[in-house]
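Inspection log for the structure reproduced underneath, given as structure tokens.
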Amino acid sequence: MTPWIWWWAPSLRVQLPLGGDVTQDIDPDLSWFFDGIPPSAGDGRIEHQAFDVASYGRQLGWITEVLIGLAERDGVPAGQAAESLRKLRQVRDEIERIKDAAHDAEVEDLARRVAQVRRRGGTRAARLQARLRQAPGKDDPPPA
């Protein structure tokens, strides 16, 4: 840039629309979920803390298991209650199928990734093999 025509010299930096610096907050904002709880139903802060302890799905799962267990032990009157129990069992079974499919997909993905590391070989494969041998099994006691 020549100093005697500085007022005319174009900027070397071209700024297109939406071309500026970008920052993005990737932490999910779930306040809309807890703000959707009506004030008469409870305190949103407390609901959020309770959700951190056990999600609504987990809580409903426990309630479902207890309810089905009680219904099977004591019997259910015929009619609407029996139909509701049948639907509740169907929902529980479908959710279990969804969980099983998700876990199976995780296992397949993990097996594929382990196979990739083994194909590449080298020290990474040896370290992975050693770590897999040390991984606790389902029946092993947790590490102290």
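First residue of the sequence shown? That's 27 in our numbering, and the numbers climb one at a time after it.
C-beta atoms are modelled at their ideal positions from N, C-alpha and C, and glycine is treated no differently.
Note that the structure is a prediction, hence the values are computed from the model and not measured.
Measuring straight from C-alpha to C-alpha, what distance separates residue i and residue j?
i: residue 124; j: residue 117; result: 11 Å
i: residue 136; j: residue 158; result: 12 Å
i: residue 126; j: residue 120; result: 10 Å
i: residue 163; j: residue 55; result: 36 Å
i: residue 104; j: residue 79; result: 37 Å
i: residue 92; j: residue 99; result: 11 Å
i: residue 82; j: residue 50; result: 29 Å
i: residue 156; j: residue 138; result: 18 Å
i: residue 97; j: residue 74; result: 31 Å
i: residue 86; j: residue 146; result: 45 Å
Using a threshold of 8 Å, state whether the C-beta atoms of residue i and residue j are closer than that.
i: residue 102; j: residue 114; result: no
i: residue 154; j: residue 140; result: yes
i: residue 143; j: residue 151; result: yes
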